[in-house]
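Protein chains: 2
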Amino acid sequence: HGEHCRCEHVVYIDEEVAKLLQLKAQLGGEDGKHVFVLKTAKETLTGKYGEDSKLIYDLKDQGGELLSLRYDLTVPFARYLAMNKITNIKRYHIAKVYRRDNPAMTRGRYREFYQCDFDIAGQYDPMIPDAECLKIVYEILSELDLGDFRIKVNDRRILDGMFAMCGVPDEKFRTICSTVDKLDKASWEDVKNEMVKEKGLSEGVADQIGEYVSMQGGMDLAERLLQDPKLSQSKQACAGLADMKQLFSYLQLFQVTDKVLFDLSLARGLDYYTGVIYEAVLSQMIQAPVVAEQNGALPGDEASVSVGSVAGGGRYDGLVGMFDPKGKKVPCVGVSIGIERIFSIMEQKAELLAEKVRTTETQVLVASAQKNLLEERLKLTTELWNAGIKAEVLYKKNPKLLTQLQHCEETGIPLVAILGEQELKDGVVKLRKVASREEVDVPREELVEELKRRTSKLP
Amino acid sequence: HGEHCRCEHVVYIDEEVAKLLQLKAQLGGEDGKHVFVLKTAKETLTGKYGEDSKLIYDLKDQGGELLSLRYDLTVPFARYLAMNKITNIKRYHIAKVYRRDNPAMTRGRYREFYQCDFDIAGQYDPMIPDAECLKIVYEILSELDLGDFRIKVNDRRILDGMFAMCGVPDEKFRTICSTVDKLDKASWEDVKNEMVKEKGLSEGVADQIGEYVSMQGGMDLAERLLQDPKLSQSKQACAGLADMKQLFSYLQLFQVTDKVLFDLSLARGLDYYTGVIYEAVLSQMIQAPVVAEQNGALPGDEASVSVGSVAGGGRYDGLVGMFDPKGKKVPCVGVSIGIERIFSIMEQKAELLAEKVRTTETQVLVASAQKNLLEERLKLTTELWNAGIKAEVLYKKNPKLLTQLQHCEETGIPLVAILGEQELKDGVVKLRKVASREEVDVPREELVEELKRRTSKLP
Chain A
1 HGEHCRCEHV VYIDEEVAKL LQLKAQLGGE DGKHVFVLKT AKETLTGKYG
51 EDSKLIYDLK DQGGELLSLR YDLTVPFARY LAMNKITNIK RYHIAKVYRR
101 DNPAMTRGRY REFYQCDFDI AGQYDPMIPD AECLKIVYEI LSELDLGDFR
151 IKVNDRRILD GMFAMCGVPD EKFRTICSTV DKLDKASWED VKNEMVKEKG
201 LSEGVADQIG EYVSMQGGMD LAERLLQDPK LSQSKQACAG LADMKQLFSY
251 LQLFQVTDKV LFDLSLARGL DYYTGVIYEA VLSQMIQAPV VAEQNGALPG
301 DEASVSVGSV AGGGRYDGLV GMFDPKGKKV PCVGVSIGIE RIFSIMEQKA
351 ELLAEKVRTT ETQVLVASAQ KNLLEERLKL TTELWNAGIK AEVLYKKNPK
401 LLTQLQHCEE TGIPLVAILG EQELKDGVVK LRKVASREEV DVPREELVEE
451 LKRRTSKLP
Chain B
1 HGEHCRCEHV VYIDEEVAKL LQLKAQLGGE DGKHVFVLKT AKETLTGKYG
51 EDSKLIYDLK DQGGELLSLR YDLTVPFARY LAMNKITNIK RYHIAKVYRR
101 DNPAMTRGRY REFYQCDFDI AGQYDPMIPD AECLKIVYEI LSELDLGDFR
151 IKVNDRRILD GMFAMCGVPD EKFRTICSTV DKLDKASWED VKNEMVKEKG
201 LSEGVADQIG EYVSMQGGMD LAERLLQDPK LSQSKQACAG LADMKQLFSY
251 LQLFQVTDKV LFDLSLARGL DYYTGVIYEA VLSQMIQAPV VAEQNGALPG
301 DEASVSVGSV AGGGRYDGLV GMFDPKGKKV PCVGVSIGIE RIFSIMEQKA
351 ELLAEKVRTT ETQVLVASAQ KNLLEERLKL TTELWNAGIK AEVLYKKNPK
401 LLTQLQHCEE TGIPLVAILG EQELKDGVVK LRKVASREEV DVPREELVEE
451 LKRRTSKLP
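Chains as they are written, first to last, in full-length UniProt numbering: chain A, 1 to 459; chain B, 1 to 459.
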């Protein structure tokens, strides 16, 4: 129970199974195996998201018990591993999450939205799964062809070590982390202001932090910081920096270092990260010079498509243990990809390029130029469906040929198979290319082969 | 806004967009276009599900407003069409729905579960889209190879006409419909009992209904009932029966009549259906004689896999109009497929056949028999990934060869590419077939081609 292997990925009915297991545990359980009571509602979520906790969507159930909509897929994944005693898994999961945030629809920011998570859980040698996560983000963003991007990486241990060496009190590490995280949107002045006026750091401490968080580089920066008089005093920072070097050596083998940037200002707000953290950002501007020129714009004109980060993640070695009755840890590293943000860019890009996005995969419309041929159209459609051809037919008894051809043009169906009395008599089908209007008679028994031949060439 | 075309199907962020549009409408709207206020929470769901309404999952939001989790995908789809003024669409949608029902996990019945809906909306000639929905259910159940199945069809108008002619008062049609719907699980005696004792029908009326609901057949039954002295008095029943004949004529063209059964006992509980209704049921027993014999069972032994219906649907011409401020109707017909129920059968079948379900698509593991070759393994893995090969590597610096081979056997990875000092020197990779243990040296520059050649033959 509770685990469903669905082809290549694990999908789980987590909320409900958890509730049932909980009920079963409370009732003693039919097999007596589930002796722990694990609350899966509000209690599961609190204390995992730091200052972002205010974004959790609360609800009450019919019994008045406080519930919440899931904030991300990471915490439910960790709970799933703990409850099912899984110590070793690699999986992706696409599902909705909820944030009580201010929506910004043009930027692809909603209160209910999809995330795609990929995680690797298990006890492995350092930085190999971490590097694979970055390779995957790199591949996805490259293949989606969203323009130039950067993947910023940092490590919580480097941040913590740096905070300690700069003189930030221990109990302020997390809240200062949240403040540093705002550097991608706010200026250093504003961030410093928050550190000093709201969070009570001295100006001297803030300025020391300011120096570090302006640093960016690659493996060279990690090597340099290992020699830094202050940072090298921190065991934590050194461990993080040594792993950062190791990470970059794997990233070189994975051929992705051209887009990966070690950036000390990357902090990420969530409390559960324990090691490497990363965030992928697209370049703010998408250039479309050729099409823009065709549309009368000046060369060099740019359309602004600002969406902020499109993916982020990191290592969270302590989260699974928080759900295990004995605190047994399962090290994890993963990435969350913001689907709506990526779609929003792809849509704006398609608009900019005046591209028409096909919403159907139909390869051929079965049509007729004459009346009373619905039965013949349905018969041919059945033949094509049964042969695995993606075919469609208008749901009208006697549609006009023009209507049928217009439907193809509107929806991008590339081919039309036209039936008429003459074609039926001759045992042929008139195959028409919508784009070029070329027509050719194809013997009925060769139609499937001809369609397969033609559609395999189509984009 | 509010519409996202995602490749071949429409996905929508319905709840949230609806809330935002509502908010916008209340605020006047930036463009002044949205002047109606449409409640998308609890109010949307009530009055659509008849006696099943008790299964709706209620919640309260932070403002104390009553909310519900969606009961199905049909009502949200209808609301989506109305809000976006879509009069014409064909789409599928896979997502979670919620029922406050008694779960039965071995039968694949959960409180939170996935449905896959396919719907055709638009004003078309009668029964053509309805027939396509049945063709699709037929194709899905055939291709999933779940054993024998039947698709029962009926029509709400035939039921209503039959109730009227048997003397059921108008206001009792829906509740008697719910009672008839229990005939798939309960005996006629129990159902009659409920009609007479709980719902106040006379025994004579109940017996007349009893005669009709025992009838099953195909087009012939529709023709026969068109001549039935009682039913032929009802305009509604005649319209339903004429359409049933028409439906069967299209089903013949679609070559699916061998599994479709016109069954007057099929009622379906939901209130929103207005015409054709249908339900697909798998044969209760799955036979696996060959494997069962191998496992020592007697020939003829059967394993019981009872799951009830796996798909259902029908025509709902009035639902979209209920969400349109002017009541504008959009005729719809659709089908819902119960994913968990189908998975539960597939899993039990796989267990029965002692089949191992592969949970990964990985084609090759990059391995090494010697120490200190992690970098070489990662380099080769990168080459394979970049060439589109599904490759994996263990996240260990120096894994034992046995561990690597065991990993392949456990997860069903069919091939291993083994690197060693000698292979690196010779510019080859040792390619091993896991099943047969055959090994062959392949020149490194030919490895991608060789893997593509081999994996295209694999199942």
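We put the beta carbon where it would ideally sit given N, CA and C, even for glycine.
Which residues in chain B have a C-beta closer than 7 Å to the C-beta of residue i? List them in chain order.
i: residue 246 of chain A; result: None at all; the shortest Cβ gap to chain B is about 11 Å.
i: residue 128 of chain A; result: 395
i: residue 382 of chain A; result: 253, 254 and 255
Measuring alpha carbon to alpha carbon, tell me which of the options ends up nearest residue i.
i: residue 421 of chain B; options: B:370, B:145 and B:449; result: B:370
i: residue 65 of chain B; options: A:321, A:142 and A:59; result: A:59
i: residue 273 of chain A; options: A:74, A:204 and A:55; result: A:74
i: residue 167 of chain A; options: A:206, A:182 and A:181; result: A:206
i: residue 90 of chain B; options: B:243, B:165, B:334 and B:280; result: B:334
i: residue 199 of chain A; options: A:214, A:169 and A:187; result: A:169
i: residue 138 of chain B; options: B:443, B:278 and B:103; result: B:278
i: residue 281 of chain A; options: A:151, A:237 and A:242; result: A:151
i: residue 320 of chain B; options: B:106, B:69, B:119 and B:97; result: B:119
i: residue 435 of chain A; options: A:112, A:345, A:415 and A:148; result: A:415
i: residue 312 of chain A; options: A:260, A:318 and A:379; result: A:260
i: residue 336 of chain A; options: A:377, A:430 and A:270; result: A:270
i: residue 70 of chain B; options: B:117, B:96 and B:130; result: B:96
In the structure shown, what three-state DSSP assignment does residue i receive?
i: residue 123 of chain A; result: coil
i: residue 262 of chain A; result: strand
i: residue 444 of chain B; result: helix
i: residue 450 of chain A; result: helix
i: residue 250 of chain B; result: helix
i: residue 464 of chain B; result: Outside the modelled stretch of chain B, which goes from 1 to 459, sits residue 464 of chain B, for which no answer is possible.
i: residue 146 of chain A; result: coil
i: residue 200 of chain B; result: coil
i: residue 72 of chain B; result: coil
i: residue 220 of chain B; result: helix
i: residue 155 of chain A; result: strand
i: residue 104 of chain A; result: strand
i: residue 214 of chain B; result: coil
i: residue 384 of chain A; result: helix
i: residue 303 of chain A; result: Confidence is the limiting factor: at residue 303 of chain A the pLDDT is only 41, short of 50, which leaves the residue's position unreliable, though a coordinate-based value still follows. Note: residue 303 of chain A maps to strand in three-state DSSP.
i: residue 419 of chain B; result: strand
i: residue 85 of chain A; result: coil
i: residue 493 of chain A; result: With chain A represented from 1 up to 459, any question about residue 493 of chain A goes unanswered, as that position is not in the structure.
i: residue 171 of chain A; result: helix
i: residue 28 of chain A; result: Model confidence at residue 28 of chain A stands at a pLDDT of 41, short of 50, so the residue's coordinates are unreliable; what they give is reported in the following sentence. It is coil, neither helix nor strand.
i: residue 136 of chain B; result: helix
i: residue 288 of chain B; result: Here the model assigns residue 288 of chain B a pLDDT of 40, short of 50, so the residue's position is not dependable and the matter cannot be decided.
i: residue 98 of chain A; result: strand
i: residue 160 of chain B; result: helix
i: residue 91 of chain B; result: strand
i: residue 110 of chain B; result: coil
i: residue 115 of chain B; result: strand
i: residue 367 of chain A; result: strand
Using a Cβ cut-off of 9 Å, pull out every chain B residue sitting near residue i, in sequence order please.
i: residue 375 of chain A; result: 249, 250 and 253
Name, please, each residue of chain A whose Cβ falls closer than 8 Å to the Cβ of residue i.
i: residue 371 of chain B; result: Here the premise fails: no neighbours, minimum Cβ distance about 13 Å.
i: residue 67 of chain B; result: 59
Please list the partners that residue i has in chain A, where partner means a Cβ-to-Cβ separation under 9 Å.
i: residue 124 of chain B; result: 394, 395 and 396
Following a CB-centred definition, is residue i positioned closer than 7 Å to any heavy atom of the ligand NAP?
i: residue 280 of chain A; result: This structure simply doesn't include the ligand NAP, nor any ligand for that matter.
Anything in chain A within Cβ reach of residue i, meaning under 7 Å, just list it in chain order.
i: residue 406 of chain B; result: Those do not exist, as residue 406 of chain B stays about 13 Å from chain A at its closest Cβ, beyond 7 Å.
i: residue 60 of chain B; result: 59 and 60
Along chain B, in chain order, which residues have C-beta atoms closer than 8 Å to that of residue i?
i: residue 379 of chain A; result: 253
### Task
Would you mind listing the alpha helix (DSSP H) stretches within the stretch 324-358 of chain B that are 4+ residues and don't spill past its ends, in chain order?
Every unbroken stretch of the alpha helix (DSSP H) spanning 4 or more residues and falling wholly within the stretch 324-358 of chain B is given here in chain order: 339-352.
### Cβ contact (3+ pairs, closer than 8 Å) linking the stretch 149-165 of chain A and the stretch 392-404 of chain B
The stretch 149-165 of chain A vs the stretch 392-404 of chain B: no contact.
### Query
Can we say the stretch 404-412 of chain B touches the stretch 352-365 of chain B, given the rule of at least three CB pairs closer than 8 Å?
With the rule of 3 Cβ pairs closer than 8 Å, the stretch 404-412 of chain B counts as touching the stretch 352-365 of chain B.
### Task
Taking 8 Å as the threshold, find out whether the stretch 140-148 of chain B comes into contact with the stretch 178-192 of chain B through three or more Cβ pairs.
They do not touch, by the three-pair rule.
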